[in-house]
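The end of the sequence shown is residue 404 by UniProt numbering, with every number in the run present.
Cβ atoms here follow ideal geometry from the backbone N, Cα and C, with glycine treated the same way.
Quantities reported herein were computed from a predicted structural model and do not represent experimental measurements.
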Amino acid sequence: MPSGEALVHQIPLKDVKNVTTRTKPFFAPPLRAAGRQIIDANGQRVKLASINWYGASDIFFVPGGLDFRHRDEIAATIKKMGFNSVRFPYSDQMVIENPIIPPEYLSANLDLLDDYDLGHGDGLKRGADELEGPRALDVFNACVKSMTDAGLIVIPNNHITNAHWCDGMNLCDSSWKNDQYGPICKIKQTTETWIDHWKTIMRPFGLNPFVIGADLRNEPRGVWGTMSWNSWATASEEASEALLAIQPNWLMFVEGVSSANDCSGAGSRPVELSIPDRVVYSSHVYSWSGWGHIPSVPYGKRPYPSFKEDMISNWAFLLRDNIAPVWVGEFGAPHRGNDQDHHYWDSLMQILRDTDADWGYWALNPRKPEGYDNETYGLLRDDWETVVDDWRLKDLQALMKPLR
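Structural data, given as structure tokens:
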């Protein structure tokens with residue numbers, strides 16, 4: 001049973017339904033880590049060319065765009081753009097509260113309401129105690145089914161504890177657990193509750209070959225970037241073992257500390273599991289990254305030799321030395337970038353070409369949920385159909401095929 005104060009308000013879950021697919025995978029499952037590569041059962045490399053589709057981790061608990069297009073159409077658009085996989089974030093608050101999703105957030109997906117009696121009165125005006133409809137986890141699972149039916153790999157990501165935009169400023173979201181901070185956190189979480197939430201998320205996907213694993217926690221950092229790699233590696237092992245007990249073929253994606261910048265600790269203290277070949281490390285690289293050095297110069301201003309040196313020491317050494325696969329799970333740039341944005345982008349494209357790393361672009365979404373602000377990094381227009389077919393997508397498409 002999950003522990004922690006927040007679970008006083010947890011909604012009882014319905015019986016778990018398996019989220020399966022009849023679509024034949026483009027790879028021979030299961031996948032595993034083999035040195036620097038992710039390979040399938042036939043020994044063929046599967047390079048992750050991913051995009052982030054967010055929203056379930058934010059304040060409305062629902063993936064973006066479902067009020068504009070059907071989830072099947074969004075999945076088909078992702079596939080048409082050339083991506084083979086999706087990083088799909090959720091919040092722990094979403095799992096804890098599992099709220100009913102109001103129909104206005106699902107107006108292009110009204111089939112999700114088919115099993116509910118919405119005929120007595122105006123569903124948009126009824127009180128919360130009268131509202132009926134699918135809950136957040138139902139919508140999350142339906143989107144996973146749409147993506148896997150489209151032949152897309154899906155990697156759920158524990159993005160944040162509190163359901164809101166991840167800006168790196170909230171101490172209560174800086175780690176997989178926050179019970180050490182006492183009463184200041186609205187949503188309290190221990191290592192045990194974090195793992196229980198993961199089991200709730202992943203259990204429906206145990207028989208779906210396109211759900212290949214779990215991105216255990218977004219950007220662990222602690223207070224002012226003081227997160228210890230050793231403590232994070234230990235927690236990752238504990239969570240991984242719990243998930244591998246459900247499906248031993250899943251891959252476990254372990255992000256670096258310092259907001260996922262730094263995987264260097266894996267060199268001396270690797271994440272070790274009872275089932276071998278399950279670990280993929282993950283790093284995030286943005287133009288403002290690069291802090292923590294003296295002098296502290298963000299990557300948007302770094303000369304390429306200095307940038308390359310950081311990439312090698314942070315994560316690329318794992319590829320160079322054939323230790324483990326690395327998935328650069330978040331990076332991005334605005335459509336109308338300035339000189340620093342373009343300098344950072346060109347540097348990152350160069351290192352991704354040279355290392356042939358797996359990667360995931362941030363993001364698909366044209367707008368952020370909170371305040372409906374423009375998502376300048378997004379690759380879709382506001383209609384969730386028109387692709388921003390610019391220099392970013394062209395460069396990403398050039399990276400999609402493996403070189404090794």
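Asked                                                                                                    : Found
Residues near G256 in its chain [Cβ-Cβ closer than 6 Å; skip 5 each side]                                : D262, C263 and S283
Beta carbon of N18 nearer than 9 Å to that of N208                                                       : yes
Own chain residues within Cβ distance below 6 Å of I38, not counting five before or after                : L31, V46 and P325
Start-to-end residues for the beta strand (DSSP E) that takes in Q37                                     : Q37 to I39
For P89: DSSP bridge partner residues                                                                    : N157
Secondary structure of H120, DSSP reduced to three states                                                : In this prediction, H120 has a pLDDT of 40, which is less than 50 and means its spatial position is unreliable; nothing more can be read from the coordinates.
Span of the beta strand (DSSP E) around N52                                                              : A49 to N52
Residue from L110, R392 and D310 whose Cα sits closest to the Cα of L364                                 : R392
D179 to W232 span [Cα, whole Å]                                                                          : 15 Å
Cβ contact check for the stretch 269-286 and the stretch 237-244: 3 or more pairs under 8 Å              : yes
Close beta carbons around S266, own chain, < 6 Å, minus the five adjacent residues each side             : This sequence places Ala at residue 266; Ser is not what is there. Within the same chain, A266 has close Cβ partners Y281.
Given P63 as reference, the closest of G35, M94 and T148 once Cα atoms are compared                      : M94
Of the residues A214, M311, G360 and M169, the one placed nearest L399, counting alpha carbons only      : G360
Beta-carbon proximity check, C166 vs I184, cutoff 9 Å                                                    : no
Continuous beta strand (DSSP E) assignments of at least 3 residues falling wholly in the stretch 345-378 : 358-361
Counted within 10 angstroms of its Cβ, other Cβ atoms place L403 as buried (16 or more) or exposed       : exposed
N-terminal and C-terminal residue of the beta strand (DSSP E) that R32 is part of                        : R32 to A34
DSSP state of L110 mapped onto helix, strand, coil                                                       : helix
Beta-bridge pairing of W327 - partner residues as DSSP gives them                                        : S282 and D358
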